Amino acid sequence: MEEINQLIRERRRKLEELRRIGIDPYGSRWEVNALAGELQQRYRETPATVLETEPVSVSLAGRVMTLRDHGKATFAHLQDRSGQIQIYLRKDILGEETYQLLKLTDIGDLLGITGHLFRTRTGELSVWVQGFRILTKSLWPLPEKWHGLVDVETRYRQRYLDLVANPEAAMIFTRRSQIIREIRDFFDQRGFLEVETPMMQGVAGGAAARPFMTYHNALGIDLYLRIAPELYLKRLLVGGLDRVYEINRNFRNEGIDTRHNPEFTMLEFYQAYADYRDLMALTEEMVPHLCRTILGTEQLTYQGERINLSPPWPRLAVAEALRKVGGVQEEDLGDIERVRAVAGHRGIQVKAEWGWGKLLDELMAHLVEPHLIQPTFLVDFPLELSPLAKQKPDDPRLAERFELFVAGMELVNAYTELNDPQEQRRRFQEQLQERERGDEEAHRMDEDFVRALEYGMPPAAGEGIGIDRLVMLFTDSPSIRDVILFPQLRPKGEGIGPPGSSDVV
RNA sequence: GACCCGUUAGCUCAGCUGGCAGAGCACCUGCCUUUUAAGCAGGGGGCCGCAGGUUCGAAUCCUGCACGGGUCACCA
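The numbering of the first sequence is our numbering, which starts it at 1 and goes up by one.
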């Protein structure tokens with residue numbers, strides 16, 4: 001890249017100057033014994049006089065975020081993973097030669113410093129620098145200090161800049177990590193075993209979705225990136241691992257919007273000898289627990305809506321929800337033609353080949369789900385939409401299944417697992433017919449899975465939780481792209497931006 | 001896929017009904033030993049997303065394309 005602007009040229013000049021005087025502009029280790037944010041915390045109340053009489057020596061490293069040259073003294077702010085602290089550098093302390101290095105220092109450079117804490121005249125906790133070294137020279141100017149990085153596209157494509165310039169962005173990903181750690185803890189304490197099952201599968205099963213395809217050279221076979229881990233986790237139930245969970249990526253070859261990224265993180269867990277009611281209770285316990293741990297309360301605000309996660313949460317049967325929330329007459333729900341007519345009246349487009357269950361689902365999506373702001377369990381879904389779920393004993397058209405909605409978002413999908421191999425085979429065959437009728441998302445037959453069921457899978461219930469959406473909720477993020485470090489974008493420019501994270505060929 | 005909005009300096013943004021490309025931050029030079037959106041004086045920096053068209057003249061109007069955002073559709 002030869003066509004560089006003056007800002008880059010200037011920084012390269014400084015870099016060469018550093019080399020010329022024998023300083024490696026890409027240095028090595030620095031002994032760090034303090035963090036900016038932790039110092040701010042610990043010495044928040046400590047008065048200046050105490051810092052004088054009992055000096056605190058520190059050595060830290062971080063990125064220069066501001067630089068104020070006052071001639072024979074200079075102020076700067078150093079940012080590390082914990083936050084920022086001001087540093088104060090004086091010519092009479094550092095000596096002529098070292099102080100001159102500041103001329104070769106820019107905002108964005110990484111510095112290692114040693115010194116002791118003091119308070120400035122205005123009371124800001126700062127480091128009185130006794131020595132410093134340029135650890136890494138930065139060749140590009142950082143985004144502006146006041147507004148930060150605003151451009152959404154740049155924030156996604158160059159997330160590192162977002163993380164450096166926008167503390168809120170760093171906070172979101174810190175919180176994401178906390179949430180996942182807390183979930184692991186929750187399940188570990190309840191005797192669940194964390195497992196990892198294949199992400200490359202010969203049959204992409206466990207959900208209704210179109211997969212990404214890939215190819216294994218040595219085996220000479222097509223493989224699919226998984227759309228769900230479900231069928232493998234249930235094989236583990238057969239194997240006697242009665243409580244398992246997995247937190248990892250699923251891949252679905254679908255459109256991208258504020259709630260969908262082609263790869264997304266899912267928690268799935270399975271508990272033997274439980275049914276979907278047990279999982280509602282567990283979910284009702286876990287989500288408020290997470291909220292308390294992360295936010296310190298069971299209330300949160302999402303995009304201006306106050307949401308109260310305190311249990312218990314209402315449980316609405318699908319038919320009941322369509323009646324109460326959707327305003328649909330009960331007598332219109334039982335018959336496929338009348339359901340179709342209702343959709344027509346409400347301006348909802350439907351396809352001729354859709355069955356009763358799919359039509360109900362579509363009505364739910366339009367008339368009910370967007371209105372479920374406070375946590376609500378929708379229960380008893382049409383069986384035809386749930387080919388892996390157990391039938392409801394008292395209503396053969398329904399499955400023992402629930403979904404949790406919060407802020408109009410589907411957060412959770414769970415059901416009592418079907419463990420009758422013959423019935424499972426019959427359901428798969430139905431799905432195959434759907435496929436033949438053109439439904440590319442219908443489930444595929446998985447003989448190996450049916451065989452596993454034939455050995456005997458304990459009665460069980462399983463659940464999937466969309467981690468990205470959960471993080472959206474807990475960080476008040478309007479788009480799933482705000483909680484995924486490198487969301488999928490169209491490639492742009494000549495090699496600028498992150499490499500495609502899902503390598504679809 | 002349809003519609004709406006956006007794309008101007010490294011960043012954040014102005015730029016009216018077409019008339020020499022602007023500001024703040026950042027950068028460079030000088031001054032400044034407790035500043036903090038430091039200050040003062042001076043200076044440099046542009047493929048106005050890309051390609052066409054209209055016009056004496058286009059950042060500005062028109063068309064197409066690219067990328068991003070949003071709504072809808074598709075999609076659990």
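Think of the CB as a built atom: it goes at the ideal place given N, C-alpha and C, for glycine as much as any other residue. Values in this document were obtained by computation on a predicted structure and should not be read as measured data.
- Scanning 61, 365, 101 for the CA closest to the CA of residue 74 turns up 101.
- Per DSSP, reduced to three states, the secondary structure at residue 41 is helical.
- The criterion of a C-beta distance shorter than 8 Å is satisfied by residue 411 and residue 466.
- The three-state reading of DSSP puts residue 402 in strand, counting E and B together.
- Bounds of any beta strand (DSSP E) do not take in residue 444, whose DSSP letter is neither H nor E.
- With respect to residue 459, residue 273 sits close: the two C-beta atoms are nearer than 8 Å.
- Counting only runs of 4 or more residues that sit fully inside the segment 3–77, the alpha helix (DSSP H) segments are 6–20, 36–42, 48–53, in chain order.
- In the assembly as shown, residue 213 is an exposed residue. Its beta-carbon has fewer than 16 other beta-carbons within 10 Å.
- Collapsing the DSSP output to three states places residue 131 in a strand.
- Rounded to whole angstroms, the gap between the alpha carbons of residue 51 and residue 87 is 15 Å.
- About 6 Å separates the Cβ atoms of residue 176 and residue 483, confirming a contact at the 8 Å cut-off.
- Under a 10 Å Cβ-count criterion, residue 424 is classified as buried, with 16 or more other Cβ atoms of the shown protein chains found around its own Cβ.
- Leaving aside the five residues that flank residue 441 on each side, the residues in its chain whose CB is nearer than 7 Å to its CB run, in chain order, 208, 209, 210.
- A residue is called buried once 16 or more other Cβ atoms fall within 10 Å of its Cβ, and residue 110 is buried on that count.
- Residue 114 is bridged by DSSP to 59, 131.
- In the DSSP assignment, residue 464 falls within the beta strand (DSSP E) that extends over 460–466.
- Within the same chain, Cβ atoms closer than 7 Å to the Cβ of residue 313 are found at 284, 375, 376, 377, the five residues on either side in sequence being excluded.
- A distance of 8 Å or more separates the beta carbons of residue 192 and residue 463.
- In terms of CA proximity to residue 233, 457 leads the group 468, 457, 473, 488.
- For residue 112 and residue 237, the gap between their C-alpha atoms comes out near 52 Å.
- Here residue 391 carries a strand assignment [DSSP, helix/strand/coil].
- DSSP lists no beta-bridge partner residue for residue 261.
- Between residue 55 and residue 108, the C-beta gap is not smaller than 8 Å, which leaves the two residues out of contact.
- Separation of residue 167 and residue 70 (C-alpha to C-alpha, rounded to the nearest whole angstrom) is 27 Å.
- For the set 434, 406, 349, 254, the Cα lying nearest the Cα of residue 474 is the one of 406.
- Put simply, the backbone Cα of residue 49 is about 43 Å away from that of residue 16.
- In this structure, residue 18 and residue 104 form a Cβ contact; the two beta carbons are roughly 6 Å apart against a cut-off of 8 Å.
- For residue 382, the beta-bridge partners assigned by DSSP are 398.
- The Cβ atoms of residue 408 and residue 384 lie no closer than 8 Å to each other.
- For residue 278, the enclosing alpha helix (DSSP H) covers residues 276–295.
- With a threshold of 16 other beta carbon atoms within 10 Å, residue 396 falls short and is exposed.
- Secondary-structure assignment with DSSP links residue 327 through no beta bridge to anything.
- Beta-bridge annotation (DSSP): residue 416 is paired with 461.
- A Cβ-Cβ distance of about 7 Å is found for the pair residue 346 and residue 366, placing them in contact under the 8 Å criterion.
- Of 45, 195, 448, the smallest CA-CA separation from residue 204 is found for 448.
- At a Cβ-Cβ threshold of 8 Å, residue 422 and residue 294 do not count as neighbours.
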